[in-house]
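This report concerns only the one structure given below.
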Amino acid sequence: MILNNTSDSIQVDESEEITVYSSEGYPNIVNGAVTSLEHLLLFLSNPSENINRYCEDFVASGKLINCLTTVQSALNSCLKGEDSECVSVLLRLNLGEIRDSLENFTIGRGNVIYISKMNELITLQTRLDSQVKEEQ
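In terms of numbering that gives the first Met the number 0, the sequence shown has 78 at position 79, counting the first letter as 1, and numbering is strictly consecutive.
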């Protein structure tokens, strides 16, 4: 999986290019929420490799905080019973691994805001997982 630094896209298997909607606000992607979250999931699915390789550009450009904000909005929406089609995608995100990768990358760089944001997302994801289990 390769992040193309010149655009918001991910190249998978050298042939399939997928646009990442990280720069759009959550209200603008509600109709395509599942697709957008799946694209984020692709990037975040191998955080130790992708975040370490691309994090500096991703952080500096503000795209990382946009991704995290999108995931947070989607988690909050699902907790309210909206956008239920996104639940399975959100529960597949390995937020703990993403946080650990960010922590390793940001040591000494003063980016504790990302670790704090990840801890918030992990809490929301845990609440969503509990809510889904209660409903079953």
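Quick reminder that beta carbons are idealized off the backbone N, C-alpha and C, glycines included.
Find the nearest neighbour of residue i within the set the options, judged by alpha-carbon distance.
i    : options         : result
G140 : L89, Y113, S129 : As displayed, the chain neither begins before 0 nor continues past 135, which places residue 140 out of reach and without an answer.
Which of the three DSSP states is assigned to residue i in this structure?
i    : result
K132 : helix
L157 : With the chain covering only 0 through 135, there is no way to say anything about residue 157.
K79  : coil
S100 : helix
S115 : helix
S60  : coil
T125 : helix
V70  : helix
Go ahead and label residue i buried or exposed: buried means 16 or more other beta carbons lie within 10 angstroms of its beta carbon, across all protein chains shown.
i    : result
Q124 : buried
N65  : buried
V111 : exposed
Can you find the residues in the same chain that come closer than 8 Å, C-beta to C-beta, to residue i, ignoring five residues on each side of it along the sequence?
i    : result
L89  : L36, V70, A73, L74, C77, Q124, L127
M117 : L67, L94, I97, R98, L101
E134 : none
S83  : C77
V86  : C77, L127, V131
Residues in its own chain within less than 7 Å of residue i by CB, not counting five upstream and five downstream?
i    : result
L120 : L67, V70, Q71, L74, L94
K132 : none
S115 : none
Could you pull out every residue in the same chain whose Cβ sits closer than 6 Å to the Cβ of residue i, ignoring the five residues on either side in sequence?
i    : result
S129 : none
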